[in-house]
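Numbers given in the working numbering equal positions in the sequence shown, counted from 1, plus 526.
Step one of this worksheet: look at the structure below.
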Amino acid sequence: MEKVIIFDTTLRDGEQSPGASLTSEEKIKIAEQLERLGVDVIEAGFPIASADDAKAVRNIGERIKSSVVCALARCRDEDIEIALRSLETAAKPRLHIFLATSEIHRKYKLNKAKDEILKIAVEKSAMAKKHINDVEFSPEDASRTEPDFLLEISKAVIAQGVKTINIPDTVGYAEPEEYGTLIKFLRKNLPDNVVISVHCHNDLGLAVANSLIAVTCGARQVECTINGIGERAGSAALEEIVMNMSVRKDFYNLTTNIVTKELYRTSRMVSSMTGVPVQPNKAVIGTNAFRHESGIHQDGILKNPATYEIMSPDMIGVPESELVLGKHSGRHALKARLENLGFQMGDEKIEQIFEKFKKLADKKKEITDTDLIVLAEEEEIKTDEPVYTLEYFHIISGSSTIPSATVRIKKGDKVYEDASRGDGPVDALYKAIDRITGISPVLKEYKITAVTGGQDAQGEVAVSLETGGLKVPGKGVSTDIIEASGKAYINAINRYLLRKNTGKAKYKGA
Ligand code: KIV
Ligand code: ZN
């Protein structure tokens, strides 16, 4: 079976999702998880966008050994130089350069004629090739470019040594049949040793369908993101592409390097770190993907799961929500179970999770795998920088009282305490925290979800705060929703403080 290269751009195109933002530490954690997942190429960032992006690409390049680490650059000297510098220490570096080729982009965005575009693409490919062996070229908005011009520019950059030609459906405009025809045309006319890649956006809900038809027409690299996050309506979802090729091997006769058992965990990690939730009915990894509501379906599943399940939850690593540990379990059992769930952690982290686990076990009768994942993820997103942590809070609230909150928070060795009134208990808590931090962000979004089952479920609160022009997400988990709210708020403030000095600005276009 031929192999399809999986190129993950969660950390670059995915991070361009409205509302998504990641710290450098979170990017490293996600990159390490993508490597465990078996991704062939990790697009780690767009170094010219900010010093933070450049640093993230460098850090990821230093740690990732088996996947190729890729950096994006426009066809401009400064972009290419900074991207190359960020890749200096990577074991397997790739430079991805792009330049818009469609008539509408040539005319309105770049104000350049076809021959000028061609000249720039050739010059910058040659410049890149002088410094790095693995170069990918993307004619941006390829699906709206005249096919003959697309072929001409592809041949010209291949002559400079480019090995991968990516054909982006930048604005999600293509229909599967026409996109497939375009890929077939290029495959027929380009040298066999050049990999044709596809990169589809989801504006019309066709990103996955377009990527899949492309592989049947000869594309051998698919660019995609975890949970399908990306610009506007997002990108092609990695988990959907991979599971199509895996479940329907009989149809595609193609393989990938992806360790499908790592899909669920990767999806949870990306959602929790970016603050972008996964819709419940999302294919493959949504919480409803393996739930059966109707009696007829439940009956069929009990008789034989294959009646209504075309893949088993186990294939993608969905944890079984059974009682796994209780309050009498020890550190060893906890460590072994976490390892089973894919968390490799040192003794110090295990100790911290163990303490939280014991506290949770006092409140909750049943500790499920999902509970453990939540605790472990919380620990994983911690940073080494001194950050605020919630120590204690006390709320007074009721229908005939003005809600008030007293809060104690810690940063490094310092402990701070303050109190405030508010419109409700959460508002009072947030105002008391603001008095301590001296930051008064605008609360843009606030959402509570039950992340584990039962009456004693853990609630996850997701917030989005805006302050000083930066929008940051935050998450907190607890069986007490006021505590989860406080943790989420403090988590967002910590992210804000971590990002404040990095001058992170989102890419605004070529
Ligand atoms: O969608 C797009 O065209 C891109 C390119 C930079 C590959 O993201
Ligand atoms: Zn894109």
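Backbone N, C-alpha and C define an ideal beta-carbon position, used for all residues, glycine too.
Reduced DSSP category for residue i - H, G, I as helix; E, B as strand; rest coil
i	result
MET795	helix
THR800	helix
GLU848	Unreliable placement is indicated for GLU848, whose pLDDT of 42 sits below 50; the coordinate value is still reported in the next sentence. DSSP places GLU848 in coil when its eight states are reduced to three.
ALA1018	helix
VAL941	strand
ASP718	coil
GLU757	coil
ASP667	coil
GLN686	coil
VAL952	helix
ILE784	coil
GLY1035	Note that GLY1035 has pLDDT 35, beneath the 50 cutoff, so the model's placement of it is unreliable and the number below is only indicative. Reduced to three states, the DSSP call for GLY1035 is coil.
PHE869	coil
VAL648	helix
LEU916	strand
ILE822	helix
ALA862	helix
ILE658	coil
LYS1001	strand
ASN692	strand
TYR834	coil
ALA609	helix
ASP539	coil
PRO619	strand
ALA546	coil
GLY994	coil
TYR699	coil
GLN984	coil
GLU749	strand
ASP729	coil
Proximity of residue i and residue j at Cβ, strictly below 9 Å
i	j	result
ALA626	LYS635	yes
THR975	LYS890	no
SER651	PRO665	no
HIS725	THR696	yes
THR751	ALA740	no
LEU732	GLY698	yes
GLU614	ARG589	no
ALA582	LYS553	yes
THR800	ALA616	no
ALA809	GLU749	no
6 Å CB neighbourhood of residue i in its chain, flanking five on each side removed
i	result
MET795	GLN559
ALA1014	VAL987, VAL989, GLY1000, LYS1001, GLY1002
LYS853	ALA887
ARG538	GLU569, GLY571, PHE572, LEU598
ILE1016	TYR914, LEU916
ASP944	ALA958, ARG961, ILE962
GLU971	SER990
THR932	HIS920, ALA945
TYR918	ARG934
ILE922	SER930
Supposed contact pair residue j and residue i - C-beta distance, whole angstroms, cut 8 Å
i	j	result
GLU662	ARG620	6 Å
GLY756	GLY540	5 Å
ARG934	SER946	With a Cβ gap of about 13 Å, ARG934 and SER946 do not count as contacting.
ILE693	ILE709	7 Å
ALA668	ILE623	Not quite, the Cβ-Cβ distance comes to about 14 Å (not below 8 Å), so this is no contact.
ARG1021	THR549	6 Å
PRO929	ALA954	5 Å
SER838	PRO831	7 Å
ILE722	ILE691	6 Å
ASP729	LYS689	About 29 Å separates the two Cβ atoms, so there is no contact after all.
PRO967	THR993	4 Å
LEU898	ARG863	6 Å
THR786	VAL768	6 Å
Neighbourhood of residue i by C-beta distance below 7 Å, restricted to the same chain and skipping five residues each side
i	result
MET527	ASN779, LEU780, THR781
ASP566	ILE531, ILE532, PHE533, SER593, VAL594, ASN783
PHE711	PRO673
LYS1030	Residue confidence for LYS1030 is low, a pLDDT of 43 falling below 50, so the modelled location carries little weight; the figure read from the coordinates is stated next. The answer, listed in chain order, is SER576, ASP578.
VAL804	ASN753, SER793, SER797, ILE811, GLY812
ILE608	PRO573, ILE574, ALA580
ALA735	PRO702
HIS818	GLN824, ILE827, TYR834
Cut-off 8 Å between Cβ atoms - residues of its own chain near residue i, not counting five sequence neighbours on either side
i	result
ARG857	ILE876, GLU877, PHE880
ILE836	VAL773
GLU788	GLN559, ARG562, LEU563, GLY564, GLY843, GLY868
LEU676	THR627, PRO665, ALA668, ILE693, LEU708, LEU712
PRO544	ARG758
ASN770	VAL734, LEU738, TYR778
Contact with chain B by residue i, beta-carbon distance below 9 Å
i	result
ILE630	Note that chain B does not occur in the displayed structure, where there is just one protein chain.
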